[in-house]
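**Student:** Offset between the sequence shown (1-based) and my numbering: plus 140. C-beta atoms are modelled at their ideal positions from N, C-alpha and C, and glycine is treated no differently. Supplied in structure tokens, the structure appears directly below.
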Amino acid sequence: MKIRKYAILLFAAFAAVQLLSGCGSDDNKDEAPQEQPAQAMTVDMSKVKDGTYTAESSMDKVHGKAVITLTIADHKITAVDYKGIDKDGTTVKTSDYGKDKDPTNAKKAQVAYRSQSQYVNELLKKQDLSKVDAISGATINYNQFIEAVNKDLEQAQK
């Protein structure tokens, strides 16, 4: 008899959890969808021409865009300049970027800003865009970096 009581109690608890989980809040409906990392093209660096190439990413209505300048010499990426441009289209993101925001957004802005130099350093070190990993909290910057560097590398192959 005790087993039957426990089984009924367990079933009732399970049913209650199932019913209540369907009644959850939809508070997250206004949040931006999670960004998926962009795909980096693989380039045979022996086929790129020496030079300096500049390209920009698409404009994100909240986070702005990236302007990336690559310098290639002897089939190697020798310099990378990453300029983050705010959504106004003119303000270059600096080390003070986001510090005028509330603490949560200021922290996010600083993660995004710091990611710029990390992406640059990774590309210079690895010499292969497909081996540059996205940084948690800076996926939009990553996608913009990948998009603009892909464009630079396309120019370098022409």
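Leaving aside the five residues before and after T244 along the sequence, list all residues of the same chain whose C-beta is less than 6 Å from its C-beta, in chain order.
**Tutor:** In the sequence shown, residue 244 corresponds to position 104, counting from 1. Correct list: empty, nothing qualifies.
**Student:** Going by CA-CA distance only, name the one from V289, K266, S276 and A249 that's closest to G204.
**Tutor:** As a working mapping, residue 204 is identified with position 64 in the sequence shown. The option with the nearest alpha carbon to G204 is A249.
**Student:** Please name the residue or residues paired with L293 in a DSSP beta bridge.
**Tutor:** Taking the first residue of the sequence shown as position 1, residue 293 is located at position 153. Answer by DSSP bridge pairing: none, since L293 is not bridged.
**Student:** Which of helix, strand or coil does DSSP assign to K227?
**Tutor:** In the sequence shown, residue 227 corresponds to position 87, counting from 1. K227 falls in the coil class under three-state DSSP.
**Student:** Measuring CA to CA, which of E294, G229 and Q258 is closest to G277?
**Tutor:** As a first step, residue 277 is located in the sequence shown; it is residue number 137 there, counting from the start. For G277, the nearest C-alpha among the options comes from Q258.
**Student:** Quick check on D190: buried or exposed, where buried means 16 or more other Cβ atoms within 10 Å of its Cβ?
**Tutor:** Sequence index remark: in the sequence shown, residue 190 carries index 50 (1-based). Burial call: exposed.
**Student:** Could you pull the DSSP bridge partners for V207 from this structure?
**Tutor:** For the purposes of this step, residue 207 is taken as residue 67 along the sequence shown, with counting starting at 1. Paired residues: E196 and K223.
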